Structure formats: C-alpha cells, structure tokens
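J.:
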Amino acid sequence: MPLNYADISYVSMGDRGDFFDFYKKFAKFYFLARPDTTSYPTLYRILTPFMICFMCSPFISELIQMATGGSGEFSGDMLTFSVFLIHAIGTSRLLGYLWMKQDYEDIIEFIRRPSFDFNVFNYSSLSMLARNDDEQSVILRHPIDKLKDTTYKNTNDFCSKSLIFFAGYVHVNALISYTQNWFQPTYEKFNPKLNRTSIYRDYVYLLWYPFDTSVSDGYYLLGFFYQPICFCSLMCPFICIYILDTSFILYLKGQADVLAEAITYVDRNVDETVSYFQIMKLKEIRLVKCINELQAIYKCTSMVNDLSAYPMLMQVFFSSVVSCGMMYRVDTVNTPGEYFVLYSTISVCCMLIFLMCWYYQEVTLSIMDIELKVIELDWLAYTHSLRTAVLFTITRLQYPFYFMMGHWTPINIGTFIGMAKMSYSCYMLVKSTTETEI
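As numbered in full-length UniProt numbering, residues 1 to 438 make up the sequence shown, in order.
Okay, structure coming up:
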C-alpha cells in the first residue's frame, strides 16, 4: 500500500533561518548590510561612504608607493606588490558588490523561493492531491523533505563556520604580523622632510604616507595602527562577499541533489488501484514540477555566473602572482612569525581558489547526475506526450551548465591546478633571474 506523505507536518530549515540571515548580521559590522532597526539608517548612510573610502585607501597608497620607485630592495618590493594585489582583489570585490548589490539580493530571493518544494510527491493519487493539506494528521515526513532539510542544514553550518574561520584568520594574521613588527629594531636614516637624521622602524610592508613616519620625529604610530586596521576592514568584507558567493554555489548544488532525488520518486508511491490515465496524470504533474525546478536552477546558475565570472578571473590570476611573491619573500625571512604569516597567506589564497573551483565543478556534476536519474525512469511506459517531455529534458541535460571564468574557460579543479603551476613557474623564473643578476 502506498504511503500517504500528505499526512505530514514538520518545521523546515527555512523556518529556522538560513546562512543569509547569519551573513547579514555579520556583514553589518563592515557596512555591507543595512541595519534592521530604525535608529541607525541615517547614520548608516552618512558613515558608509567614508568607511568605503577608508577600506580602499591602502590600495591607493600602495599604488603610489610602487609608482614612486618602491624601497629599492627587491624582496621587500615583492611583498608590497603581493599585498597590493591582495588589496586589489578585496577592493574590486567590495566595489563590485556595492555596485551589484541588488543582483545579490535577487539571487538570495531566488534561492529562498517558496516554490522549491515537492508537495506533489506526498500524494499517491489525484484524489489525495485534491484534498486539503490542513485537514491531515501528523504522521511521517517524505524522504525528499528530509534530504532537503539535511542539505540546507549542512550548507548553513559549513558557510557560517567558514565565514568565522576566515574572518578570524584575517585578524590573527594582522595581530601576529604587527605584534612582531613592533619589536623590530630601529635604525637611523636621513629624513628628507626634516633635512636631518631620524630614527626609523620598518613597517610590515611599505605604504606611501603624506606625513613623516620616523619614530623619533614623525607620526610612526599613526602609520603603524593605520595598516592593520585598514587591512582587517578591507579583507573581512572581502571574506564576507567570497563566502556569500560560495554559499550560492552550495545552495544550488544542494537543490540539484534534492531535484535528482525527487526525480527517482516520479514512478514511486503511486496508487496502482486507480486508472492508467490517473497514474499518468499524477506522474506528469510530478515530472513537470521537476522540469520547472530544473529550469529555475539553470536560471539561477546563470545569474551567479554573470555575477562572479570576471571577479573569479581576476582573483585566480592575482592569487597566482601573490603566491609567487610570497614564496619569494619566504626565502629572505628568518623568524617563525614571518614564516607563519607568509605560508598561511599562501595557503589561504590557494584554499579560497580551491574551494570555489571544487564547488563550481560539483554543481556541474550534480546537474549531470540529474540526467542519469531521468534516464532511469520507466519512461517507455509513459504516454506519448510524457515521453516527449522526458526526451526534451534528456536532450537539455546533455549540455550541463558550466561556470565560465571571465565567460571564457570553465571553472573546475583543473583551473586550480593551472593556477598552482603558473604560480610556481613564475616563482622559479623570478628566483633564477635574480640569482643570475647577483
């Protein structure tokens, strides 16, 4: 006897909140989300432009520093250039997010769409489908609903923990770097602003400052605290935006997995005592529901791809150069703190690219799995119109969606391997060139 899953009542994960709620609470600290209360909107609108300029200011200072000739020491300039590229990634993603904020909101609403449910699978016949759901008793839950809730919960947990981890790493990186820098020895050097000798201490990396930065006569402390505050205030919003992009991919993968599972139930839980016409009509309703959800997933993946294609191209290319510069800098340091900062920065840059490449590929594979589930249906026993719908669906699924980096090349694990190869090749080229000159 088929189970009547309509006799079900449960609380879905959507009723408990999702990662997007957590993200908005977290992003408020970095002016990426508007406060919910009515007390602060005016203050938010006033402070936001100043905070955005403050976050992006290191990018301008580093650009001026490199344009004016740098420090004259190649290893230090490579570090400054690497930090400049990190800030360039963060600045571009921040400004892009603010420019396309409505597109992000549209994707969030699309992923949260109430229509992504499979209530039609709860009924084993058309007569049960016509009944009022509120009159049913509480008995069971459908396996599709269980999978959906489990998938969403895992996505929520992974994205929330990743956001906390990477944002925490940004602060730990800055704390170790600047604590260690505070205890670096001072030295005397000619001060062109005062036309005499002053005492200096090097910063973690060079920035252009419009004021004297000497320890003895200038505003060294102002420059010292400016760097880590700006670094954290820029890179934490970047991490928020990055994890938000990753969450889109994970939710889409989860929806594709749920849809693949739902397709396997098109021919199951059917009341065989009713007529052939009623059975085919019920299967048609289920199949049309799955096709509509497949079209929605394709539409949402296209929206995400348009949003992240060029930022991912920039991030992959710049991250390879950053890893190259950091690896070269490692050869010249001799303290454990510097080793930790440099190696961890390389690891995090690679990890961010790896996660995106991996999950972009997983979405494509999940959509390809849907094709296999459709083929496994007992569609030869369907009516002519239903077989035609199945054949069109199979034909469409033979061309799965590929996320394109810069609308140019697919993003998959091969992209990460190519980035690693390019980074190491650049490192060996720079190292051999400098050794030859020496």
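Here a beta-carbon is modelled for each residue, glycine too, at the ideal position from N, C-alpha and C. Only a predicted model underlies this, so the values are computations on that prediction, with no experimental measurement involved.
Who are the Cβ neighbours of Tyr-209 in its own chain at under 6 Å, not counting the five residues just before and after it?
T.: What you label residue 209 is simply residue 209 of the sequence shown in a count that begins at 1. Around Tyr-209: Gly-223.
J.: If you measure between the beta carbons of Lys-193 and Tyr-200, is that distance less than 8 Å?
T.: Numbered from 1 along the sequence shown, position 193 holds the residue referred to as residue 193. Numbered from 1 along the sequence shown, position 200 holds the residue referred to as residue 200. Not a contact, by the Cβ cut-off of 8 Å.
J.: Use the C-beta contact count for Lys-283: other C-beta atoms within 10 angstroms, 16 or more gives buried, fewer gives exposed.
T.: On the sequence shown, position 283 is the one that residue 283 refers to. Buried.
J.: For Arg-329, report the span of its alpha helix (DSSP H) as first-last.
T.: The residue labelled residue 329 in the question sits at position 329 within the sequence shown. First-last of the alpha helix (DSSP H) with Arg-329: 276 to 330.
J.: DSSP on Ser-124, reduced to helix/strand/coil?
T.: One-based indexing of the sequence shown puts residue 124 at position 124. Here Ser-124 sits in coil by DSSP.
J.: Can you tell me whether Leu-391 is buried or exposed? The criterion is at least 16 other CB atoms within 10 Å of its CB, across all chains shown.
T.: Against the sequence shown, residue 391 aligns to sequence position 391. Exposed.
J.: Taking all protein chains shown into account, do 16 or more other C-beta atoms lie within 10 angstroms of the C-beta of Leu-47, making it buried, or fewer, making it exposed?
T.: Mapped onto the sequence shown, residue 47 falls at position 47. Classification for Leu-47: exposed.
J.: Excluding the 5 residues flanking Gln-361 on each side, which residues of the same chain have their C-beta closer than 6 Å to its C-beta?
T.: As a first step, residue 361 is located in the sequence shown; it is residue number 361 there, counting from the start. Closer than 6 Å at the Cβ level, and outside the excluded window around Gln-361, lie Asn-412 and Ile-413.
J.: Per DSSP, what kind of secondary structure is Val-138 in: helix, strand or coil?
T.: Counted from its first residue, the sequence shown places residue 138 at position 138. Legend: pLDDT at Val-138 = 40, less than 50; position of this residue unreliable, value from coordinates given subsequently. Residue state, collapsed to three classes: coil.
J.: Compare the Cα-Cα distances from Tyr-178 to each of Ala-389, Ile-367 and Gly-337 and report the closest residue.
T.: Residue numbering aside, residue 178 sits at position 178 when the sequence shown is read from its first letter. Nearest C-alpha to Tyr-178: Gly-337.
J.: Would you mind working out which of Ser-124, Phe-231, Leu-287 and Cys-324 sits nearest Gly-90, comparing C-alpha positions?
T.: The residue labelled residue 90 in the question sits at position 90 within the sequence shown. Closest by alpha carbon: Phe-231.
J.: For Ser-247, collect the residues of the same chain with a Cβ closer than 8 Å to its Cβ; drop the 5 residues on either side in sequence, then sort them by chain order.
T.: As a first step, residue 247 must be located in the sequence shown, where it is residue number 247. For Ser-247, where only same-chain residues beyond five positions count, the Cβ hits under 8 Å are Phe-19, Phe-20, Tyr-23, Thr-155 and Cys-159.
J.: Just reading off the alpha helix (DSSP H) that Tyr-187 is part of, what are its end residues?
T.: Here the question's residue 187 lines up with position 187 in the sequence shown. Per DSSP, Tyr-187 belongs to no alpha helix (DSSP H); it is in the beta strand (DSSP E), 187 to 191.
J.: Considering Cα atoms alone, identify which of Phe-121, Asp-271, Pro-237 and Tyr-399 is closest to Ile-263.
T.: The sequence position of residue 263 within the sequence shown is 263, counting from 1. For the residues Phe-121, Asp-271, Pro-237 and Tyr-399, the minimum Cα distance to Ile-263 belongs to Phe-121.
J.: Cβ of Tyr-203 within 8 Å of Cβ of Gln-180?
T.: As a working mapping, residue 203 is identified with position 203 in the sequence shown. As a working mapping, residue 180 is identified with position 180 in the sequence shown. No; because the gap between Cβ atoms is not below 8 Å, this pair is not in contact.
J.: Under 8 Å, with one C-beta from each stretch per pair, do the segment 245 to 261 and the segment 362 to 370 reach the 3-pair mark?
T.: Contact holds: three or more Cβ-Cβ distances are below 8 Å.
J.: By DSSP, does Ser-366 sit in helix, in strand, or in coil?
T.: Walking along the sequence shown from the start, residue 366 turns up at place 366. Helix, per DSSP.
J.: Under a Cβ-count criterion, where at least 16 other Cβ atoms within 10 Å of its own Cβ denotes burial, should Val-321 be classed as buried or exposed?
T.: Stepping through the sequence shown from its first residue, residue 321 is reached at position 321. Buried.
J.: I need the boundaries of the beta strand (DSSP E) containing Ile-239, first residue and last residue.
T.: On the sequence shown, residue 239 is found 239 positions in, with the first residue counted as 1. Premise fails: Ile-239 lies in the alpha helix (DSSP H), 220 to 263, not in any beta strand (DSSP E).
J.: Helix, strand or coil: how does DSSP classify Thr-345 here?
T.: Taking the first residue of the sequence shown as 1, we reach residue 345 at position 345. Helix at Thr-345.
J.: Can you name the start and end residues of the alpha helix (DSSP H) that Ser-160 belongs to?
T.: Mapped onto the sequence shown, residue 160 falls at position 160. Element bounds for Ser-160: 143 to 182.
J.: Hey, how far is the Cα of Ile-139 from the Cα of Leu-163?
T.: What you label residue 139 is simply residue 139 of the sequence shown in a count that begins at 1. What you label residue 163 is simply residue 163 of the sequence shown in a count that begins at 1. Residue placement at Ile-139 is flagged as unreliable, the pLDDT there being 46, under the threshold of 50; the coordinate-derived value follows with that caveat. Taking the straight line joining both Cα atoms gives about 38 Å.
J.: Going by other Cβ atoms of all chains shown within 10 Å of its Cβ, with 16 needed for buried, is Gln-65 buried or exposed?
T.: By 1-based counting over the sequence shown, the position of residue 65 is 65. By the neighbour-count rule (16 or more Cβ atoms within 10 Å), Gln-65 is buried.
J.: With distance defined between alpha-carbon atoms, name the residue in Ile-375, Met-404 and Tyr-123 nearest to Cys-357.
T.: The residue labelled residue 357 in the question sits at position 357 within the sequence shown. Ranking Ile-375, Met-404 and Tyr-123 by Cα distance to Cys-357 puts Met-404 first.
J.: Exposed or buried, which one is Ser-423 when buried takes at least 16 other CB atoms within 10 Å?
T.: Residue numbering aside, residue 423 sits at position 423 when the sequence shown is read from its first letter. Classification of Ser-423: buried, given that the 10 Å Cβ count is 16 or more.
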